[in-house]
Amino acid sequence: MQLDDLKEAWAAHGALLERSLAIDERLLREVLLRKVHRALWPYVLGRALEVALGIATLCVVMPVLARHVAEPRYVAVGGALAVFIAGIAALSAYLLVNVLQLDYGGPVTAIQHAIERIKLVEYRATKWGVLGGVVVWLPAALVLFEAVTGVAPLAHVDLAFLAVNLVFGLVVLALGHVLSRKYVERSDLGPLARRIIDALSGRALHSATGHLAELARFEREEAR
Amino acid sequence: MEAQELTDLIRRHAGLIHKIAYAYCRDATDREEVVQEVALQLWRSRLRYDERYRETTWVYRIALNVAISFQRRERRHRERRLALDEQAITIAAASTSEGDAGPGEDVELLLRCVDDLGALDKALVLLFLDGNDHASIADVLGISVSNVGTKLWRIKDRLRVAFEERARSERKEEPHATR
Numbered sequence: 000m001q002l003d004d005l006k007e008a009w010a011a012h013g014a015l016l017e018r019s020l021a022i023d024e025r026l027l028r029e030v031l032l033r034k035v036h037r038a039l040w041p042y043v044l045g046r047a048l049e050v051a052l053g054i055a056t057l058c059v060v061m062p063v064l065a066r067h068v069a070e071p072r073y074v075a076v077g078g079a080l081a082v083f084i085a086g087i088a089a090l091s092a093y094l095l096v097n098v099l100q101l102d103y104g105g106p107v108t109a110i111q112h113a114i115e116r117i118k119l120v121e122y123r124a125t126k127w128g129v130l131g132g133v134v135v136w137l138p139a140a141l142v143l144f145e146a147v148t149g150v151a152p153l154a155h156v157d158l159a160f161l162a163v164n165l166v167f168g169l170v171v172l173a174l175g176h177v178l179s180r181k182y183v184e185r186s187d188l189g190p191l192a193r194r195i196i197d198a199l200s201g202r203a204l205h206s207a208t209g210h211l212a213e214l215a216r217f218e219r220e221e222a223r
Numbered sequence: 000m001e002a003q004e005l006t007d008l009i010r011r012h013a014g015l016i017h018k019i020a021y022a023y024c025r026d027a028t029d030r031e032e033v034v035q036e037v038a039l040q041l042w043r044s045r046l047r048y049d050e051r052y053r054e055t056t057w058v059y060r061i062a063l064n065v066a067i068s069f070q071r072r073e074r075r076h077r078e079r080r081l082a083l084d085e086q087a088i089t090i091a092a093a094s095t096s097e098g099d100a101g102p103g104e105d106v107e108l109l110l111r112c113v114d115d116l117g118a119l120d121k122a123l124v125l126l127f128l129d130g131n132d133h134a135s136i137a138d139v140l141g142i143s144v145s146n147v148g149t150k151l152w153r154i155k156d157r158l159r160v161a162f163e164e165r166a167r168s169e170r171k172e173e174p175h176a177t178r
């Protein structure tokens, strides 16, 4: 059997399917009006909040950093914190803009590329947001405490304590990575846990890069 | 575009949307979800519709992008099925003189062989089966016309071999089945 021989059977199948499509016009109108806005709204709001929160935190952290620019511990801790927050806010802004611009009416390969690139950034943002958060939470708390109260706990904290916190954060980070790989196949996880575990274990990244590679193979010109 | 126009648009291209959903989802609930999602994306993209392209090209692009994304999402998280609270578009079992909406033997065999192809190769085959020329297929997929020709030639060859193998294995199974 050849593919060309099946065109007629395929068309007949399509005609049969066409007759089975029932459209409830009133319901469609209502669903469209509601779902189109509702589907994107939580995502847009979430990302916009991340960007706003990132900018607000930077506005709080930067003056503290400026006040202690000559102190190495502030430059190291506050600087790392500022870079981390700026990175996460930039990734969130990138995702927000790209998701809003995504138009499924574009060529299939281009849109699939765009979708996978967005997913890659999203997985990386989730991964580094969670892992980085484990390491920077204490410096963040100290710097933010100073920004809010004017008391400078970071100036009095022992450097060894900070180093131990860093090591502890790195251990938790490695443990999280190992555990996520162990539990990645579990099917009883909620959506948020599934998203985090997929991102941490690298499975989501692997899947997205795999699809991008498939797209690249598909787009490559072949010689007969 | 008003909701009424969208309904008319879906009606005009119901066969196309349905066939794509059928080829990418073997489960009836999944198919309905894809059809609904296509309707939503058509509505969402309506203001960006480029009139230089045929309406069919635009609908094909949206339907294929939705179906491929759905298939990838479902493969990863089958357990995370979206709640289908309302079904504005439903797939009824078309009771006709020919029987229900299930595919015939030839189409079923074709779909089983096509299932083994990648998502993009599958899109190429579907566009070809719908009688689109190479230029239209290239427009929908965003690849060159010459690439379409070469790929189709290779896929046809692969499918011919797959058809023969399946037919052979089914012939082998038949005597056991009748015993």
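Protein sequence lines correspond, in order, to chains W and F.
Here numbering that gives the first Met the number 0 is used: position 131 in the first sequence is 130, and no number is missing along the way.
Here numbering that gives the first Met the number 0 is used: position 166 in the second sequence is 165, and no number is missing along the way.
No residue lacks a Cβ here, since even glycine has one placed at the ideal position from N, Cα and C.
Using the Cα positions of W/Thr-93 and W/Ala-47, report the straight-line distance between them to the nearest angstrom. In the sequence on display, residue 93 of chain W carries Tyr and not Thr. Between W/Tyr-93 and W/Ala-47, the C-alpha separation is close to 11 Å.
Contact with chain F by W/Pro-41, beta-carbon distance below 9 Å: no
Given that F/Tyr-23 touches chain W, what residues does it touch there, using C-beta distances under 8 Å? In chain order: nothing, as chain W lies at least about 12 Å away.
Taking the alpha carbon of F/Arg-30 as the point to measure from, which residue in F/Phe-162, F/Ile-67, F/Trp-152, F/Val-147 has its own alpha carbon closest? F/Ile-67
Within 9 Å (strictly less), CB to CB, does W/Tyr-224 reach chain F? No answer is possible for residue 224 of chain W: the residues shown for chain W start at 0 and end at 223.
Just by C-beta distance, which residues in the segment 101 to 131 of chain W are closer than 7 Å to chain F? Asp-102, Tyr-103, Gly-104, Gly-105, Pro-106, Val-107, Thr-108, Ala-109, Ile-110, Gln-111, Ile-114
Can you check whether the CB of W/Val-60 is closer than 9 Å to the CB of W/Val-142? yes
Just the C-alpha distance for F/Val-223 and F/Glu-4, rounded to the nearest angstrom, thanks. With chain F represented from 0 up to 178, any question about residue 223 of chain F goes unanswered, as that position is not in the structure.
Beta-carbon proximity check, W/Trp-136 vs W/Gly-86, cutoff 9 Å: no
Spatial distance of W/His-112 from W/Ile-54 (CA atoms): 29 Å
To the nearest whole angstrom, what separates the beta carbons of W/Val-98 and W/Ile-110, a pair I think is in contact under 8 Å? Wrong, their Cβ atoms sit about 12 Å apart, outside the cutoff.
For W/Ala-154, which residues in the same chain have their Cβ closer than 6 Å to its Cβ, ignoring the five residues on either side in sequence? none
W/Tyr-73 - containing alpha helix (DSSP H), residue span: 71 to 100
Kindly list, in the order they appear in chain F, the residues whose Cβ is closer than 7 Å to that of W/Ala-192. Correct list: empty, because the minimum Cβ distance to chain F is about 11 Å.
Where the alpha helix (DSSP H) containing W/Arg-202 begins and where it ends: 202 to 218
Do F/Leu-140 and F/Leu-126 have their C-beta atoms within less than 9 Å of each other? yes
Any C-beta of chain W sitting closer than 9 Å to the C-beta of F/Lys-155? yes
Within the 9 Å Cβ cut-off, does F/Phe-162 reach chain W? yes
At a CB-CB cut-off below 7 Å, which residues of chain W make contact with F/Asp-105? Leu-5, Ala-8
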